[in-house]
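**Student:**
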Amino acid sequence: MIDFRPVLFLDGLLLVVLAVAMAVPSLAVPIKTSGDGAIFLGCAAVSLVLGAATMLATLPSRRLRLSSQQTFLMVVSGMVLTGLFAAFPFRFASPHLAFVDAWFEAISGLTTTGATVLKDLDHMSPAILLWRALLNWLGGIGIIVLVIVLLPALKVGGMQVIVDDGQSERAGLLRGRILADGKVVLFGYGLFTLLTGIGLWLAGMLPFDAFCHALSAISTGGFSTSDQSLRHWGIGVQWVALVAMVVGASSAPLLVLALRRRSVLGRVDEQFIPFMATLCGFALTMIAWRWANGTDLSAEMVRVTLFTTTSLITSTGFVVSDYSQWGGATHVAFFLMAFIGGCLGSAAGGIKIFRWQVLAAAAQVHIQQMIYPHRVMPIDFNGRRVTDPVIEAVLAFFTIYILTFAVHAAILAALGLDLISALSGSAAALGNVGRGVGEQIGSSGNWHAIPKAAKWVLSFEMILGRVELFPVFILFTPSFWKE
Amino acid sequence: MGGAFIALRAAGWSLECVAAAMIPAMLRDYADNQPEWRVFALCAILVAFFGAAMILATRDQGGHGQERGSKGSYDAELRPVILSLLLSVTAIIVSASLPFVFGLSECRPVDAAFEAIAQVTTTGATIFPRLSDLTPGLLLWRGILQWMGGTWALVLGIALLPFLEVGGMASFRLDVFAGLEPTRRAKRFILSLGGLYVTLTLSVTALLWAAGMTPFDATIHAMGIVSTGGATTWDSSLGHYDLGAIQVIAILGMILAGLPFPLMLAATRGNFKPLLGDRQVRWYLGILLIGVVLMTGWSMRHWGLGLKSALLNDGVAVVSTVTGSGYVTQPSLFWSGFPAIVLLFLSTVGGCAGSTTGGLKVFRLRAVLSEIWIQMEALLRPHSIRASSRENWATYRAARTQIMGYVFIYTMSFVALSWGLGALGLDTLTALTASVSALANADLRLGAYLGYSGGYGNLPDAAKIMLAAAMVIGRLEILPVLVVFTTTFWRR
Chain A
1130 MIDFRPVLFL DGLLLVVLAV AMAVPSLAVP IKTSGDGAIF LGCAAVSLVL GAATMLATLP
1190 SRRLRLSSQQ TFLMVVSGMV LTGLFAAFPF RFASPHLAFV DAWFEAISGL TTTGATVLKD
1250 LDHMSPAILL WRALLNWLGG IGIIVLVIVL LPALKVGGMQ VIVDDGQSER AGLLRGRILA
1310 DGKVVLFGYG LFTLLTGIGL WLAGMLPFDA FCHALSAIST GGFSTSDQSL RHWGIGVQWV
1370 ALVAMVVGAS SAPLLVLALR RRSVLGRVDE QFIPFMATLC GFALTMIAWR WANGTDLSAE
1430 MVRVTLFTTT SLITSTGFVV SDYSQWGGAT HVAFFLMAFI GGCLGSAAGG IKIFRWQVLA
1490 AAAQVHIQQM IYPHRVMPID FNGRRVTDPV IEAVLAFFTI YILTFAVHAA ILAALGLDLI
1550 SALSGSAAAL GNVGRGVGEQ IGSSGNWHAI PKAAKWVLSF EMILGRVELF PVFILFTPSF
1610 WKE
Chain B
211 MGGAFIALRA AGWSLECVAA AMIPAMLRDY ADNQPEWRVF ALCAILVAFF GAAMILATRD
271 QGGHGQERGS KGSYDAELRP VILSLLLSVT AIIVSASLPF VFGLSECRPV DAAFEAIAQV
331 TTTGATIFPR LSDLTPGLLL WRGILQWMGG TWALVLGIAL LPFLEVGGMA SFRLDVFAGL
391 EPTRRAKRFI LSLGGLYVTL TLSVTALLWA AGMTPFDATI HAMGIVSTGG ATTWDSSLGH
451 YDLGAIQVIA ILGMILAGLP FPLMLAATRG NFKPLLGDRQ VRWYLGILLI GVVLMTGWSM
511 RHWGLGLKSA LLNDGVAVVS TVTGSGYVTQ PSLFWSGFPA IVLLFLSTVG GCAGSTTGGL
571 KVFRLRAVLS EIWIQMEALL RPHSIRASSR ENWATYRAAR TQIMGYVFIY TMSFVALSWG
631 LGALGLDTLT ALTASVSALA NADLRLGAYL GYSGGYGNLP DAAKIMLAAA MVIGRLEILP
691 VLVVFTTTFW RR
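Line by line, the protein sequences give chains A and B.
Per the working numbering, the very first residue in the first sequence carries number 1130; after that it's consecutive.
Per the working numbering, the very first residue in the second sequence carries number 211; after that it's consecutive.
The structure is reproduced here in structure tokens:
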């Protein structure tokens, strides 16, 4: 039998953190003018009490150590519980969403997906807007900690390349590392957010909007404070947001960590150039295609195309233009972009650049071995050998990713979405992008109108994509629950 | 240059096969007093002449070259095999498209090549808007091309691809084909395989005839069913006939054509154990069952069909999609949403290795799923050592890696193709459908262009060329073509 106490203890901790964050939006509204501030405080109090009570009840007598089962369980239950509590303000504060919508919005925020069901954001209570941005930001931190501390140690999807092998082999995952590394990464993450906020403010946003967008840009979440998304603001703001998205999807937080622990630096940078190359390659192709198909080559067209490409590849989901009008090849490309993702170690979703590198190398090895079957062709990543288990894990991750996408697309279609929306919605949720092609989820769309059951499926898919699939699927294996 | 000689020789023999295959089509048109028979006669003579020239020119060298490729040395063997493969394919395509160019249909070369490639790869897509406008000879020619394409698919899947170790196919190597040297045992094996293929075709023909088709229609449909190409004589495909025995025969015939032929051969000798016990076969049947249940349920609920008509309609749709045949009983123009996605994915899966079907093949899907399972177990117990019943764990792992690598390459080919089609201005659904069905050698008809018979004719020429190339690449399982583009391949 798995010992649930450490799991519950950490879940309680997450709830306490969430409660602290929940208190922040109440500062954004004067308590007198609307009830939202009080409701936020109330929700915060509930989750604080419940979280603290859980922590006290399960207080570990010894130093906290998690087995792999417990860690997987913690990751998934933490996601679900925080999502549940984060949904309360959407349910009880001014939007008064139905429960499924509140849950969808919360999960979409926490997984940094950025798909929204809220309408009329421009007149929304500032507390709600701030809460959405904060959810993005917290989700971003959560995923970075997950990706650089927990998952590598668990060897999920080839993640182990990110840490020194010696360290990942050691038991007692949470000791020391999570605190030491976590603090540094948090600092870097906060620093980039602050810089983005200042940049957006200088570019002409109001301080509140600048703050919210900084939170959701660095975390590649993509929640905005306007229905128009970034169309609402000027060119300067869009350029600042573009840079922020690229920083958010590159392994920038890891680079900060690397400044302190030199060892990691070497292993992060090899993703960055392919990442930028992918970004620029896609953007240039799209620009060329639009030009060849009758759009004038203007500074605006280049900016808009570049921005849209960046927004979708980094899995952010800001829009500056109604890209669903572009047609043809851009549609197929926007659908495909949801699969790419950012660098390993960032808050971006998708399959991620590192895995694409390994996949391409493995494919090349396969082709070469047809000619020389006994040829040994090592794959290197940042000067280190990629071991066979990593390659196998990456290949398996890719196939399970595609299968998950396919199965969910079929389910969504069965629930009444049209074919394009089902395919693109499945890809956008799994990749934590939050935008795709199709009527409801395209550039001007809003996920409000899709059927209820589909919202449950999509939010499940967002969680799947966010925790890199395996931690959820593994709960469904019989041997997980066996001793 | 032993490789080039072997390649030319193989291409020469392929041309002779094509020439021989033109004779039935010629006779049919002659009997019907169609002037088209002259075209077939001329083409046959031309093709036979060039084929003979190629064989004669390489007569002395052929055997010599083969001797030089010492046994077991892959470096010496791979290049001639792959070159022969590609050269033969080219020769077959060029010669097979001749009757379409010079005949009454007067196709442009692009269209003719597309039509020929679509038949030879058993894809079955057509550019003709109305099949009824074609002469009986041309209809038969399409059927014969598919039927021949089926035999080539069998040779590829049973002998060549396992030899080349394409995407984990090494596990399907048969002892019979230990080396490239044609032993007597190997020849006997190939003959009995051919016998099985012919018997299957003849039985399906007889059954279809008995079920009410004319002998001519029965022959062409049987060729299309057994080769999973989907040759038909009607624009409405199997929808031309009332629902009943004909559809049932077609479904059963296609299911059989998607089974591994070597195992079926054993079954005809009374040894049913390998066939029924084979995991791939069980999965294949399971996938078919799931597909039929899902689709039947959907059409009963959303279209209000009765159980019988739903079962027959969707049975034909699912089985012909999985096996990549392309028969339909109802216009698929209106299929969207759930049925469309299910069919798209089923078509990617394809049938069993060692059959005439295309696609990823069931064994790869199975391997991928079980690999995911194994890895999840490993995540939970990182230090456990799996006690394996398999003799050679390392070989097994290598095969798994190859299979997953193949899935990746397959997916990327699909992505490149669909993006390319999108860039040519096709709508998203058409681009996705056309890419899926070209790579899997299926004739799936969804989307604005392909929703009706002959829809491929309206595609831009560039799209036709891309799709035709994808059909060939898909039939050869991608890697033999990709490998030619590496520098290592050409290095001496």
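Backbone N, C-alpha and C define an ideal beta-carbon position, used for all residues, glycine too.
1. If we cut at 7 angstroms on Cβ distances, does residue 628 of chain B have a partner in chain A?
2. Starting from the Cα of residue 1412 of chain A, find the closest Cα among A/1447, A/1172, A/1418 and A/1438 and give me that residue.
3. Check the DSSP bridge columns for residue 1517 of chain A and list the partner residues they point to.
4. Would you decide whether residue 280 of chain B is buried or exposed? Buried here means 16 or more other CB atoms lie within 10 Å of its CB.
5. Based on Cα-Cα distance, which residue from A/1134, A/1561 and A/1142 lies nearest to residue 1191 of chain A?
6. May I ask you to report which of helix, strand or coil DSSP gives residue 1596 of chain A?
7. In chain order, what residues of the same chain lie with their CB nearer than 6 angstroms to the CB of residue 700 of chain B, ignoring the 5 residues before and after it?
8. Could you give the residue range of the alpha helix (DSSP H) that holds residue 329 of chain B?
9. Can you give me, in chain order, the residues of the region 559-590 of chain B that have a beta carbon less than 7 angstroms from any beta carbon in chain A?
10. What in chain B is Cβ-close to residue 1197 of chain A, meaning under 9 angstroms?
11. Just list the residues that DSSP pairs residue 1509 of chain A with in beta bridges.
12. Which residues mark the beginning and the end of the alpha helix (DSSP H) in which residue 494 of chain B is found?
13. With 16 as the cutoff for other CB atoms within 10 Å, does residue 1561 of chain A come out buried or exposed?
14. Looking at the C-beta of residue 532 of chain B, does it have a partner C-beta in chain A at a distance below 7 angstroms?
15. CA-CA distance, residue 1229 of chain A and residue 1575 of chain A?
16. Quick test of the definition: if touching needs 3 or more C-beta pairs under 8 angstroms, does the region 679-698 of chain B touch the region 606-622 of chain B?
17. Are any of the Cβ atoms in chain B nearer than 7 angstroms to that of residue 1461 of chain A?
18. Quick check: is the beta carbon of residue 1288 of chain A nearer than 7 angstroms to any beta carbon in chain B?
19. With 16 other CB atoms within 10 Å as the buried threshold, where does residue 1174 of chain A fall?
20. Have a look at A/1376, A/1566 and A/1264 and flag the residue whose alpha-carbon is nearest the alpha-carbon of residue 1549 of chain A.
21. Considering Cα atoms alone, identify which of B/218, B/312, B/268 and B/523 is closest to residue 254 of chain B.
22. For residue 1404 of chain A, decide whether its Cβ has a neighbour in chain B, counting only Cβ atoms nearer than 7 angstroms.
23. Just to confirm the assignment, what range does the alpha helix (DSSP H) spanning residue 518 of chain B have?
24. Let me make sure I understand the geometry here. Which of B/614, B/651 and B/671 has the alpha-carbon closest to that of residue 630 of chain B?
25. Just tell me which of A/1169, A/1503 and A/1459 has its CA closest to the CA of residue 1225 of chain A.
26. Compare the C-beta of residue 1547 of chain A with all C-beta atoms of chain B and state if any pair is closer than 7 angstroms.
27. If we define contact as Cβ-Cβ less than 7 angstroms, is residue 1497 of chain A a contact residue for chain B?
28. When you check each C-beta in the region 635-655 of chain B against every C-beta of chain A, which residues fall closer than 7 angstroms?
29. I'd like to know if residue 371 of chain B contacts chain A, where contact means its C-beta is closer than 7 angstroms to some C-beta of that chain.
30. Which residues in the same chain as residue 301 of chain B place their Cβ atom closer than 6 angstroms to its Cβ, once the five residues preceding and following it in sequence are excluded?
31. Could you give the distance in angstroms between the alpha-carbon of residue 1539 of chain A and the alpha-carbon of residue 1577 of chain A?
32. For residue 1154 of chain A, name the three-state secondary structure that DSSP assigns.
33. Does residue 484 of chain B come out as helix, strand or coil in the three-state DSSP assignment?
34. Applying a beta-carbon distance threshold of less than 7 angstroms, which residues of chain B neighbour residue 1515 of chain A?
35. Residues of chain B with a CB under 9 angstroms from the CB of residue 1593 of chain A: which are they?
36. At 9 angstroms on the CB atoms, spell out the chain B contacts of residue 1543 of chain A, in chain order.
**Tutor:** Looking at the atomic coordinates:
1. For the purposes of this step, residue 628 of chain B is taken as residue 418 along the second sequence, with counting starting at 1. Answer yes: the Cβ-Cβ gap between residue 628 of chain B and chain A drops below 7 angstroms somewhere.
2. For the purposes of this step, residue 1412 of chain A is taken as the residue at position 283 of the first sequence. Among A/1447, A/1172, A/1418 and A/1438, the Cα nearest to that of residue 1412 of chain A belongs to A/1438.
3. Numbered from 1 along the first sequence, position 388 holds the residue referred to as residue 1517 of chain A. Paired residues: none, contrary to the question.
4. Working through the second sequence from its first residue, we reach residue 280 of chain B at position 70. With a pLDDT of only 40 at residue 280 of chain B, under 50, the local geometry of the prediction cannot be trusted, and the value read off the model is given with reservation. Residue 280 of chain B counts as exposed, since fewer than 16 other C-beta atoms from the protein chains shown sit within 10 angstroms of its C-beta.
5. Within the first sequence, the letter at position 62 stands for residue 1191 of chain A. Of the candidates A/1134, A/1561 and A/1142, the one whose C-alpha sits nearest the C-alpha of residue 1191 of chain A is A/1134.
6. Numbered from 1 along the first sequence, position 467 holds the residue referred to as residue 1596 of chain A. The DSSP-derived three-state label of residue 1596 of chain A is coil.
7. Here the question's residue 700 of chain B lines up with position 490 in the second sequence. Taking residue 700 of chain B as the centre and dropping the five residues before and after it, the same chain places no C-beta closer than 6 angstroms to its C-beta.
8. Along the second sequence, one-based indexing puts residue 329 of chain B at 119. Its alpha helix (DSSP H) spans residues 319-330.
9. Contact residues of the region 559-590 of chain B toward chain A are 578, 581, 582, 585, 586, 587, 589 and 590 (C-beta to C-beta distance below 7 angstroms).
10. Taking the first sequence and counting its residues from 1, the one referred to as residue 1197 of chain A is at position 68. For a Cβ distance threshold of 9 angstroms, residue set 589, 590, 591 and 592 of chain B lies close to residue 1197 of chain A, ordered along the chain.
11. Taking the first residue of the first sequence as 1, we reach residue 1509 of chain A at position 380. Residue 1509 of chain A pairs with A/1514.
12. Counting from 1 along the second sequence, the entry for residue 494 of chain B is found at position 284. From DSSP, the alpha helix (DSSP H) with residue 494 of chain B extends over 489-512.
13. As a first step, residue 1561 of chain A must be located in the first sequence, where it is residue number 432. Buried: at least 16 other Cβ atoms inside 10 Å.
14. Your numbering for residue 532 of chain B matches position 322 in the second sequence. No, residue 532 of chain B does not count as interfacial toward chain A.
15. Locating residue 1229 of chain A in the first sequence gives position 100, where the first residue counts as 1. Locating residue 1575 of chain A in the first sequence gives position 446, where the first residue counts as 1. Their Cα atoms are separated by approximately 15 angstroms.
16. Cβ pair count under 8 angstroms is three or more, so yes.
17. Within the first sequence, the letter at position 332 stands for residue 1461 of chain A. Taking Cβ atoms only, chain B reaches closer than 7 angstroms to residue 1461 of chain A, which makes this a yes.
18. Here residue 1288 of chain A refers to the residue found at position 159 of the first sequence. It does not: the Cβ of residue 1288 of chain A has no partner Cβ on chain B nearer than 7 angstroms.
19. Along the first sequence, one-based indexing puts residue 1174 of chain A at 45. Residue 1174 of chain A is exposed by the Cβ-count criterion.
20. Counting from one through the first sequence, the residue named residue 1549 of chain A turns up at place 420. Minimum Cα distance to residue 1549 of chain A is reached at A/1566.
21. For the purposes of this step, residue 254 of chain B is taken as the residue at position 44 of the second sequence. Across the set B/218, B/312, B/268 and B/523, the C-alpha of B/312 shows the shortest separation from the C-alpha of residue 254 of chain B.
22. Working through the first sequence from its first residue, we reach residue 1404 of chain A at position 275. Not a single C-beta of chain B is nearer than 7 angstroms to the C-beta of residue 1404 of chain A.
23. Here residue 518 of chain B corresponds to residue number 308 of the second sequence, with the count starting at 1. Residue range 517-532 is occupied by the alpha helix (DSSP H) that includes residue 518 of chain B.
24. Taking the first residue of the second sequence as 1, we reach residue 630 of chain B at position 420. Of the listed residues, the one whose Cα sits closest to residue 630 of chain B is B/671.
25. Numbered from its first residue, the first sequence carries residue 1225 of chain A at position 96. For residue 1225 of chain A, the nearest C-alpha among the options comes from A/1169.
26. Working through the first sequence from its first residue, we reach residue 1547 of chain A at position 418. For residue 1547 of chain A, the answer is yes, since a Cβ of chain B falls inside 7 angstroms of its Cβ.
27. Here residue 1497 of chain A is taken as the residue at index 368 of the first sequence, counted from 1. Yes, its Cβ sits closer than 7 angstroms to a Cβ of chain B.
28. Within the region 635-655 of chain B, the residues whose Cβ lies closer than 7 angstroms to some Cβ of chain A are 635, 638, 639 and 641, listed in chain order.
29. One-based indexing of the second sequence puts residue 371 of chain B at position 161. With 7 angstroms as the cut-off, residue 371 of chain B does not count as an interface residue toward chain A.
30. Sequence index remark: in the second sequence, residue 301 of chain B carries index 91 (1-based). Cβ within range, chain order: 221, 224 and 225.
31. Taking the first residue of the first sequence as position 1, residue 1539 of chain A is located at position 410. Taking the first residue of the first sequence as position 1, residue 1577 of chain A is located at position 448. The C-alpha of residue 1539 of chain A lies about 20 angstroms from the C-alpha of residue 1577 of chain A.
32. Along the first sequence, read from residue 1 onward, the residue named residue 1154 of chain A stands at position 25. Here residue 1154 of chain A carries a helix assignment [DSSP, helix/strand/coil].
33. Here residue 484 of chain B refers to the residue found at position 274 of the second sequence. DSSP places residue 484 of chain B in the helix class (H, G or I) of the three-state scheme.
34. Position 386 of the first sequence, counting from 1, holds the residue named residue 1515 of chain A. Contact note: residue 1515 of chain A does not reach chain B at a C-beta cutoff of 7 angstroms; the least C-beta distance is about 12 angstroms.
35. Within the first sequence, numbered from 1, the residue matching residue 1593 of chain A stands at position 464. Contact annotation for residue 1593 of chain A against chain B: no contact, minimum CB-CB distance about 14 angstroms [criterion: below 9 angstroms].
36. By 1-based counting over the first sequence, the position of residue 1543 of chain A is 414. Simply 504, 508, 547, 548, 551 and 552.
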